[in-house]
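Below you'll find the structure, written out as structure tokens, and then a few comments.
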Amino acid sequence: MKALQIPVVELPRETENLRREIRLFIQQKIDSGLIEPKCDSWLSGYSAEFSKDMGRRGWIGMTWPKKYGGGERPSIERYVVTEEMLAAGAPVAGHWIADRQTGPLLLKYGTEKQKHFFLPRIAKGECFFAIGLSEPNAGSDLANIQTRAMKVDKGWILNGSKTWTSGAHFSHYSIVLCRTSPQDPDNRHSGMSQLILDLKAPGVTIRPIHLMTGEHHFNEIFFDDVFVPDDLAVGEIGNGWAQGMAELAYERSGPERILSTYPLLNELTNILIEQGNTESLNKVSRLISRLWTLRNMSLGIAQLLEEGVPSNMIASLVKDMGTKFEQEIPEITRLLVSVTPSVNSESLIEKYLAQSILQSPGFTLRGGTSEILRGIIAKGVIQQ
Amino acid sequence: MSEMSELIIESTSKVFAAYSTKEVVNEAEKGIWANELWNKLAQYGIVTVAVPEELGGSGGDYEDALSIVRLASRFSAPVPLAETFIANWLLAEHGVAVTNEVLTIATETDGQPFKFYQEGNGWIVTGRAKNVPWGRFAKKLVVLGEASEGGALSVLNLEKAEIIQGNNIAGEARDQVVFNQVFIPECTIIPVDKIKYEERILYSCALTKSVMMAGALDNILEIAINYSKERSQFGRPIHRFQAIQHHLALLAGEAAAAGIAASYAIHSFQKNPVSKEIALAKLRINEAAGKAAPIAHQVLAAIGFTYEHILHHNTRRLWAWRDEFGKESDWEKVITKQLQKLEKNELWPLITGVKNNQKKVETR
Chain A
37 MKALQIPVVE LPRETENLRR EIRLFIQQKI DSGLIEPKCD SWLSGYSAEF
87 SKDMGRRGWI GMTWPKKYGG GERPSIERYV VTEEMLAAGA PVAGHWIADR
137 QTGPLLLKYG TEKQKHFFLP RIAKGECFFA IGLSEPNAGS DLANIQTRAM
187 KVDKGWILNG SKTWTSGAHF SHYSIVLCRT SPQDPDNRHS GMSQLILDLK
237 APGVTIRPIH LMTGEHHFNE IFFDDVFVPD DLAVGEIGNG WAQGMAELAY
287 ERSGPERILS TYPLLNELTN ILIEQGNTES LNKVSRLISR LWTLRNMSLG
337 IAQLLEEGVP SNMIASLVKD MGTKFEQEIP EITRLLVSVT PSVNSESLIE
387 KYLAQSILQS PGFTLRGGTS EILRGIIAKG VIQQ
Chain B
2 MSEMSELIIE STSKVFAAYS TKEVVNEAEK GIWANELWNK LAQYGIVTVA
52 VPEELGGSGG DYEDALSIVR LASRFSAPVP LAETFIANWL LAEHGVAVTN
102 EVLTIATETD GQPFKFYQEG NGWIVTGRAK NVPWGRFAKK LVVLGEASEG
152 GALSVLNLEK AEIIQGNNIA GEARDQVVFN QVFIPECTII PVDKIKYEER
202 ILYSCALTKS VMMAGALDNI LEIAINYSKE RSQFGRPIHR FQAIQHHLAL
252 LAGEAAAAGI AASYAIHSFQ KNPVSKEIAL AKLRINEAAG KAAPIAHQVL
302 AAIGFTYEHI LHHNTRRLWA WRDEFGKESD WEKVITKQLQ KLEKNELWPL
352 ITGVKNNQKK VETR
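Encoded structure:
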């Protein structure tokens, strides 16, 4: 089927040196005790210092124009940076959202003023963004959002709330999807707009929602008559839904949908090789064939996106399969080695195993639940 | 793919649609050779793609040929096209001119290698090959064996061989071919490194089978989608039900995964005919076959379980092919051998194809 065809990508030779440079950089950080690798590091590995260091190296906003602080590098290099970081379990949560989606959004829809103000700060690893989509009554049914902005002189007055907002407590801004016109039952996606919200603005309250482990990544944000100036509206008023959805393909097929538990797989492989445990390594080999396939799909879609080919359906497919794969790694690991998962363990595998198990419910929820994705995929193939 | 590929695919598609029909596939299962289909393929020069013209081939590259193989499997074409391709490529590599003859290839020789003794202008051949694809219909068999000088690749006329008929679970001919001191005049025997060629032939067969499975998976996805649009229950087409949508999404995922795995394996073949990509692809695509076939049957329900419907042409082949030229457990072992060579933290370099930094010796 045409819609499922994904191109073969040959990574340019130049990316090999980049990989070695990144690996050396991370290894030095680990050796000097500055970072501690972990599973699911793009959500739970936050280090402002590490983000700044990456910014100094030119590894944030790599593809953006130089006049906005970017590096004008090919997108395949950004791909290499992200997958190397995730494979190593490096703490990239700080700048992740800003680099992945806020930057591209502003480049496409932002005003010159917005681009000149925000993009260089993001690229330096000094300005972090949080996603402002989900609400208490708008989860999978995102079009049901109730947060609204009322037009006033020189700006908007925002009221409502957002929830499940990862990293709002360390982020500087959020792109908030809100209603700027009343709900239209005949066109559910109309009347929404995107506003850049300063999370320190008066009237903004951020409260933690602790994960089941007690960790603090999620937040709820309340807006109580928050003033947002006109020049912080993104793109066209009323076009917020379309603007937001266009970025989802980037969000869904990236390496973060495959590699969240990779540090565990690496550690498992290390141990089994050392034990000479051929039987168990065979199970790892099976996982590697899946990982190899998923990575090739992800790379191919990255190329399609670069070429401007709409890929929302296959990107959803990669996310559905990739996140399931991420969840499988701890399930298979626990049966191959006799270890006890514990987040406080001295042993890497016990720690990674615990992190993987405890973070795993989130993999198939964030960025569109598997159920929603499968609906998108099925409708996509039916239309062919 | 070369420039000619688009044209080839288009015209080949028409040949398969016209001559690899449901009736032809069903009849082949009863032992009737798809003569018209083969003749048409031969007439269009399809069976000698990726062999240079000066050796009697039609030109083009491996990617062209493998695209045709993928197409053939969508139609469950009951002819040894993949086997003939592999045989022709091996022969062309040794400067042997190829023809449009039906060839097949043996990989299982019952523990005993084929033996060749030169006598006069011919050779005396002894050996037993099992599960030879389409053996009863092939003119010649390509098989590795031992001559007095060492390993040899042979092309054996099958006229005087004993054929014991057998079938795989898709009803495809998988025959035993027995040579008991058979004298074959003017027989091609090429000295080769037997171990190396065993590996090459296995990988080539695994590659073509992977590509065929990817084609079959594409087709069962299409069948399932079309059925879900046509079939109504509870007053609406069944694709409107979430339970069915989930089946279709999972099926599409397996088909897409198989497709990309096959593409990478094909891509690697040109540079390295025994690449790890071929091993990874066969492993992943075998898995896809096992996951996807039951989903397609679940979507089609009772009708898909009948001989009348064509779904089984593809699903039975998937179940048969996943066991041919290496099951998951066989290819896992191949990958494991590579893992065992790794130093600590070298899995990621294996996956990315980029080695870690050399550890620098500190000079103080």
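Taken in sequence, the protein lines are chains A and B.
Going by the working numbering, the letters in the first sequence line up with residues 37 to 420, in that order.
Going by the working numbering, the letters in the second sequence line up with residues 2 to 365, in that order.
All C-beta atoms in this analysis are idealised placements derived from N, C-alpha and C, irrespective of residue type, glycine included.
Tell me, please, which residues DSSP counts as bridged to residue i.
i: Lys198 of chain A; result: A:Ile257
i: Gly239 of chain A; result: Answer is none; Gly239 of chain A lacks a bridge partner.
i: Phe263 of chain A; result: A:Ile193
i: Ala174 of chain A; result: A:Glu171
i: Ile196 of chain B; result: Paired residue(s): none; Ile196 of chain B is not in a bridge.
i: Asp176 of chain B; result: B:Val133
i: Thr189 of chain B; result: B:Val156
i: Ala185 of chain A; result: A:Leu194
Among the residues of its own chain, which have a CB less than 7 angstroms from the CB of residue i, if the five just before and after it don't count?
i: Ile273 of chain A; result: Thr216, Ser229
i: Glu363 of chain B; result: Only weak support is given to the placement of Glu363 of chain B: the predicted model assigns it a pLDDT of 45, under 50, and the question is left unresolved by the model.
i: Phe17 of chain B; result: Leu72, Ala73, Phe76, Ala78
i: Val103 of chain B; result: Trp39, Pro81, Thr85, Phe138, Ala139, Lys140
i: Arg109 of chain A; result: Met98, Thr99
i: Ala134 of chain A; result: Ile158, Cys163, Phe164, Phe165
i: Val48 of chain B; result: Leu42, Leu82, Thr85, Asn101
i: Gly46 of chain B; result: Ser59
i: Tyr204 of chain B; result: Pro274, Val275, Ile279
i: Gly191 of chain A; result: Phe263, Val264, Pro265, Asp266
Measuring only the C-alpha atoms, how far is residue i from residue j?
i: Cys206 of chain B; j: Lys151 of chain A; result: 55 angstroms
i: Lys198 of chain A; j: Asp356 of chain A; result: 25 angstroms
i: Thr173 of chain A; j: Arg184 of chain A; result: It should be noted that the sequence gives Asn, not Thr, for residue 173 of chain A. Rounded to the nearest angstrom, the two C-alpha atoms are 14 angstroms apart.
i: Lys15 of chain B; j: Arg370 of chain A; result: 52 angstroms
i: His252 of chain A; j: Gly398 of chain A; result: 14 angstroms
i: Glu50 of chain A; j: Ile58 of chain A; result: 13 angstroms
i: Glu46 of chain A; j: Asn181 of chain B; result: 50 angstroms
i: Leu40 of chain A; j: Glu255 of chain B; result: 10 angstroms
i: Ser321 of chain A; j: Lys334 of chain B; result: 8 angstroms
i: Leu301 of chain A; j: Leu284 of chain B; result: 18 angstroms
i: Leu295 of chain A; j: Glu119 of chain A; result: 8 angstroms
i: Leu233 of chain A; j: Gly271 of chain A; result: 14 angstroms
i: Gln359 of chain B; j: Ile393 of chain A; result: 34 angstroms
i: Tyr104 of chain A; j: Asn357 of chain B; result: 33 angstroms
i: His125 of chain B; j: Gln113 of chain B; result: Going by the sequence as given, residue 125 of chain B is Ile instead of His. Roughly 16 angstroms separates the two Cα atoms.
i: Ile365 of chain A; j: Leu389 of chain A; result: 9 angstroms
i: Thr249 of chain A; j: Ala204 of chain A; result: 18 angstroms
i: Ala351 of chain A; j: Gly403 of chain A; result: 11 angstroms
i: Ile245 of chain A; j: Thr201 of chain A; result: 9 angstroms
i: Val355 of chain B; j: Leu154 of chain B; result: 36 angstroms
i: Gln182 of chain A; j: Gln219 of chain A; result: 9 angstroms
i: Asn89 of chain B; j: Glu344 of chain B; result: 41 angstroms
i: Leu330 of chain A; j: Leu56 of chain B; result: 40 angstroms
In chain order, what residues of the same chain lie with their CB nearer than 6 angstroms to the CB of residue i, ignoring the 5 residues before and after it?
i: Arg365 of chain B; result: For Arg365 of chain B, the predicted structure reports a pLDDT of 40, less than 50, and the residue's modelled location is therefore unreliable. The matter cannot be settled from this model.
i: Lys161 of chain B; result: Val183
i: Lys131 of chain B; result: Glu109, Asp111, Gln177
i: Asn220 of chain B; result: Arg75, Asn315
i: Lys74 of chain A; result: Gly81, Gly125, Gln391
Can you pull the chain B neighbours of residue i, defined as C-beta to C-beta under 7 angstroms?
i: Asn302 of chain A; result: Asn346, Leu348, Trp349
i: Thr329 of chain A; result: Ala258, Ile261, Ala262, Arg285
i: Asn306 of chain A; result: Lys345, Asn346
i: Thr314 of chain A; result: Thr337
Identify the contact partners of residue i in chain A, using a Cβ-Cβ distance below 7 angstroms as the criterion.
i: Glu333 of chain B; result: Asn318, Ser321, Arg322
i: Tyr265 of chain B; result: Val44, Asn332
i: Arg273 of chain B; result: As written in the sequence, residue 273 of chain B is Asn, which differs from the Arg given in the question. Result: empty, since nearest Cβ-Cβ is about 14 angstroms, beyond 7 angstroms.
i: Thr353 of chain B; result: Arg55
Could you work out which residues of chain B lie near residue i, taking near to mean beta carbons separated by less than 9 angstroms?
i: Gln395 of chain A; result: Chain B residues near Gln395 of chain A: none, gap ~20 angstroms exceeds 9 angstroms.
i: Leu142 of chain A; result: Those do not exist, as Leu142 of chain A stays about 31 angstroms from chain B at its closest Cβ, beyond 9 angstroms.
i: Asp356 of chain A; result: Ala250, Leu251, Gly254
i: Gln41 of chain A; result: Ala257, Gly260, Ile261, Ser264
Taking C-beta pairs closer than 8 angstroms, name the residues in chain B that residue i reaches, listed in chain order.
i: Gly411 of chain A; result: Gln243, Gln246, Ala250
i: Leu353 of chain A; result: Ala250, Ala253, Gly254, Ala257
i: Glu52 of chain A; result: Val355
Just the chain A side, please: which residues come within less than 9 angstroms of residue i by C-beta, in chain order?
i: Asp219 of chain B; result: Met37, Leu40
*Mind listing, in chain order, the continuous alpha helix (DSSP H) runs of no fewer than 4 residues lying wholly within the segment 45 to 130 of chain B?*
63 to 75, 82 to 94
*Which full runs of the alpha helix (DSSP H) of 4+ residues lie inside the segment 323 to 357 of chain B, going along the chain?*
329 to 341, 348 to 353
*Can you check the segment 229 to 270 of chain B for any alpha helix (DSSP H) of at least 4 residues that lies completely inside it and give the ranges in chain order?*
Entirely contained in the segment 229 to 270 of chain B, the alpha helix (DSSP H) runs reaching 4 residues are, in chain order, 243 to 270.
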